[in-house]
Amino acid sequence: MIPVVMPTYSRIDVVFERGEGCFLYDTTGRRFLDFTSGIAVNALGHAHPYLVEKLTEQAHKLWHTSNLFRVAGQEKLASRLRELTFADTMFFTNSGVEAWECGVKLVRKYHYETGHPEKTRFIVAGGNFHGRTMTAIAASGQDKMVKGFGPLLDAFDRVAYDNLNELRAAITPQTAAILVEPILGEGGMRPASLDYLRALRAICDEYGLLLYFDEIQSGMGRSGKLFAHEWAGITPDVMCIAKGIGGGFPLGACLATEKAAQGMVAGTHGSTFGGNPLAMAVGNAVLDVMTQPGFLDNVIAKGALLQGKLEELVARHPTVLDSVRGKGLILGVKCVTPVGDLVTALRDNGMLVVSAADNVVRILPPLIVGEAEINEAVAILDRTCAALAA
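Residue 196 in the working numbering sits at position 196 of the sequence shown, with consecutive numbering throughout.
(1) Is phenylalanine 295 helix, strand or coil by DSSP?
(2) Given a cut-off of 8 Å on the beta-carbon distance, is the pair isoleucine 330 and methionine 220 in contact?
(3) Give me the DSSP bridge partner(s) of alanine 256.
(4) Could you tell me the alpha carbon to alpha carbon distance between tyrosine 112 and leucine 251, rounded to whole angstroms?
(5) Just to confirm the assignment, what range does the alpha helix (DSSP H) spanning aspartate 322 have?
(6) Check for me: the beta strand (DSSP E) holding leucine 331 runs from which residue to which?
(7) With 16 other CB atoms within 10 Å as the buried threshold, where does asparagine 94 fall?
(8) With three or more C-beta pairs closer than 8 Å as the rule, is the stretch 140–155 touching the stretch 191–203?
(9) Taking Cβ to Cβ, would you say glycine 224 is nearer than 8 Å to leucine 44?
(10) Can you grab the Cα-Cα spacing for the pair histidine 48 / glycine 308, in whole Å?
(11) Does DSSP classify methionine 351 as helix, strand or coil?
(12) Please go through the same chain and pick out, in chain order, the residues whose beta-carbon is closer than 8 Å to the beta-carbon of phenylalanine 122, but skip the five residues on each side of it.
(13) Rank Val353, Met264, Asp348, Val336 by C-alpha distance to the C-alpha of aspartate 114 and give the top, closest one.
(14) Would you call the CB atoms of glycine 349 and isoleucine 380 closer than 8 Å?
(15) From leucine 346 to aspartate 358, what distance separates their C-alpha atoms?
(16) So, helix, strand or coil for proline 365, using DSSP?
(17) Report the residue from Phe249, Leu305, Pro173, Ser10 whose alpha carbon sits nearest the alpha carbon of glycine 283.
(18) Reducing DSSP to helix, strand and coil, say where valine 71 ends up.
(19) Could you compute how far the alpha carbon of arginine 80 sits from the alpha carbon of alanine 99?
(20) Using a Cβ distance threshold of 8 Å, determine whether the stretch 330–341 contacts the stretch 262–280, with at least three qualifying pairs required.
(21) Under 8 Å, do alanine 232 and glutamate 215 count as touching if we go by C-beta distance?
(22) What number of angstroms, rounded off, separates the C-alpha of threonine 89 from the C-alpha of cysteine 102?
(23) Between threonine 120 and the rest of its own chain, which residues show a CB-CB distance below 7 Å, the 5 nearest in sequence each way excluded?
(24) Which same chain residues, not among the five before or five after lysine 54, have their C-beta less than 6 Å away from its C-beta?
Right under this line is the structure:
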């Protein structure tokens, strides 16, 4: 008999009851060090007092009106993000893939409105993960995601990640945009070189293309900048964000320049729940915390500390661990042993992590992680690797 919850996940048999900071507690009372953060979602940890306060405050006033009316929280959050980013305008969504889909529509509409309706194709990176809608799995092209769901939208030309030669060769008169993750997440926790990101901007300018960054996982402070592309000193025309912006509450956004968004007029897009007052209260609260002086500097410092300790573990356990990659607190460790074995063993030892492609384990602690939690994580990793090696 099929489960009442559709079995599209191979769910781990653990039920969590509550969380606090960097820790989760299951229904038996067992404590786990959470270095998954809901896959980079719980950016400020669990039950952050300020987020709880602002969400509760809003819940007592207003939950939903629909986007038929102005939503004060949207205007406030959008104005703040406009000041902090390249964007002139944005659309709020419930999830990352909704924000990503909005960006895909925006790109096509831009070229249509500017007299180039033939420009409908996107150059994307191999190993990408943009979500699980029909359009997003077409961008991925991975058999594990697309098998049984065809025919797919033919709009994506895949090239090797961080490879400019392949990218230039893929440009055609039908190319509308270059769409990449500045740090490949699900695809193996690989940061693109800064020169590559700068070259993408130059190529888009040269060919009249839009540059579209997916910062759903790498954004909202993960890399030590508010958004990872900032390390390269360039800006995109379009960007989708989600995960950390809601700190655990469902929230995403599609950000764009005025030029890129010129086709997105009344009736071209919509969402019943996107940008509702509850989500906006949390999004503004998250931004309150992340824009405090020193917050991002602390992410950089803690990321450097953790990365250094992970590199020491690689040297100590060469039969289990191969190398460390990533930036800030969006880190990955490529494994020698099967990554699933390490993920399971770490969970048995009280630490939660999640895998990625290329036999990589993702290390995604809350951005509020302290030295004590880092030391605890390293100690669990050390004894787990020793046991696996034995």
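Cβ coordinates follow ideal geometry from the N, Cα and C atoms, glycine included.
A quick look at the data gives this:
(1) The count along the sequence shown starts at 1 and reaches residue 295 at position 295. Helix at phenylalanine 295.
(2) Looking up residue 330 in the sequence shown gives position 330. Looking up residue 220 in the sequence shown gives position 220. No, they are not a contact pair.
(3) By 1-based counting over the sequence shown, the position of residue 256 is 256. Paired residue(s): Thr89, Val238.
(4) Stepping through the sequence shown from its first residue, residue 112 is reached at position 112. Stepping through the sequence shown from its first residue, residue 251 is reached at position 251. Their backbone Cα atoms lie some 29 Å apart in a straight line.
(5) Position 322 of the sequence shown holds residue 322. Counting along the chain, aspartate 322 falls outside any alpha helix (DSSP H), though it belongs to the beta strand (DSSP E) covering 321–327.
(6) Here residue 331 refers to the residue found at position 331 of the sequence shown. That run of the beta strand (DSSP E) goes 330–335.
(7) Your numbering for residue 94 matches position 94 in the sequence shown. Classification for asparagine 94: buried.
(8) no
(9) Numbered from 1 along the sequence shown, position 224 holds the residue referred to as residue 224. Numbered from 1 along the sequence shown, position 44 holds the residue referred to as residue 44. Going by C-beta atoms, glycine 224 is not nearer than 8 Å to leucine 44.
(10) For the purposes of this step, residue 48 is taken as residue 48 along the sequence shown, with counting starting at 1. For the purposes of this step, residue 308 is taken as residue 308 along the sequence shown, with counting starting at 1. Each residue's CA atom was taken as its position, placing histidine 48 and glycine 308 some 28 Å apart.
(11) The residue given as residue 351 occupies position 351 in the sequence shown. Strand at methionine 351.
(12) Translated into positions along the sequence shown, residue 122 becomes position 122. So the list reads Val104, Val107, Ala139, Ala155, Phe156, Asp157, Thr175, Ala176, Ala177, Ile178, Leu179, Tyr212, once near-sequence residues are dropped.
(13) Your numbering for residue 114 matches position 114 in the sequence shown. Sequence check: residue 114 is threonine here, not aspartate. Looking from the CA of threonine 114, the closest CA among Val353, Met264, Asp348, Val336 belongs to Met264.
(14) Numbered from 1 along the sequence shown, position 349 holds the residue referred to as residue 349. Numbered from 1 along the sequence shown, position 380 holds the residue referred to as residue 380. Note that residue 349 is asparagine in the sequence shown, not glycine. Contact flag set, yes.
(15) As a first step, residue 346 is located in the sequence shown; it is residue number 346 there, counting from the start. As a first step, residue 358 is located in the sequence shown; it is residue number 358 there, counting from the start. About 19 Å.
(16) Along the sequence shown, read from residue 1 onward, the residue named residue 365 stands at position 365. Note: proline 365 maps to coil in three-state DSSP.
(17) As a position in the sequence shown, residue 283 is number 283, starting the count at 1. Closest option to glycine 283, Cα to Cα, is Phe249.
(18) Counting from 1 along the sequence shown, the entry for residue 71 is found at position 71. Three-state DSSP puts valine 71 in coil, outside helix and strand.
(19) Sequence index remark: in the sequence shown, residue 80 carries index 80 (1-based). Sequence index remark: in the sequence shown, residue 99 carries index 99 (1-based). Their Cα atoms are separated by approximately 18 Å.
(20) Verdict: no, contact absent.
(21) Reading the sequence shown from its first residue, position 232 is the one you call residue 232. Reading the sequence shown from its first residue, position 215 is the one you call residue 215. No, these two residues do not count as a Cβ contact at 8 Å.
(22) Locating residue 89 in the sequence shown gives position 89, where the first residue counts as 1. Locating residue 102 in the sequence shown gives position 102, where the first residue counts as 1. Using only the alpha carbons, I get a separation of about 13 Å.
(23) Numbered from its first residue, the sequence shown carries residue 120 at position 120. Contacts found: Arg108, Ala155, Gln174, Ala176.
(24) Here residue 54 is taken as the residue at index 54 of the sequence shown, counted from 1. Around lysine 54: Ala281, Ala285.
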